[in-house]
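My numbering runs 20 ahead of the 1-based position in the sequence shown. Below: the structure, in structure tokens.
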Amino acid sequence: TPDGKVTYWSSNGPGEHPELLGYSIGTCDKTDIQRVVFTRITHPERFNEVKNIAPKNVNQYLYDLNGKKHSNTAELKRQCGIK
Numbered sequence: 021t022p023d024g025k026v027t028y029w030s031s032n033g034p035g036e037h038p039e040l041l042g043y044s045i046g047t048c049d050k051t052d053i054q055r056v057v058f059t060r061i062t063h064p065e066r067f068n069e070v071k072n073i074a075p076k077n078v079n080q081y082l083y084d085l086n087g088k089k090h091s092n093t094a095e096l097k098r099q100c101g102i103k
């Protein structure tokens with residue numbers, strides 16, 4: 021936005037309020053952004069199909085980032101094979 025804010029879609033909500041966790045649109049100051057993860061969604065019409073897919077090859081590191089643990093840049097690079 022012209023005032024330096026960024027509007028984004030997120031699958032996370034405010035950690036202090038678990039009842040608000042979930043998919044939502046958020047806004048923050050551009051200067052507050054530390055890291056960004058981009059996902060290219062090529063078939064959004066297939067989102068609901070995930071309910072019928074059994075999990076295979078679950079990446080434990082990524083799975084645990086879903087509220088079970090935090091990570092840092094060094095660990096992310098190690099897990100992803102980035103030098």
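Ideal placement from N, C-alpha and C gives every residue a C-beta, glycine not left out.
- At least 7 Å separates the beta-carbon of residue 87 from that of residue 49.
- Every beta strand (DSSP E) of 3 residues or more that sits fully in the stretch 40 to 83 is shown, in chain order, as 44 to 49.
- Where residue 97 is concerned, there is no enclosing beta strand (DSSP E), although the alpha helix (DSSP H) around it starts and stops at 93 to 100.
- For residue 27, the beta-bridge partners assigned by DSSP are 47.
- By a beta-carbon distance limit of 8 Å, residue 27 contacts residue 45. Their separation comes to about 6 Å.
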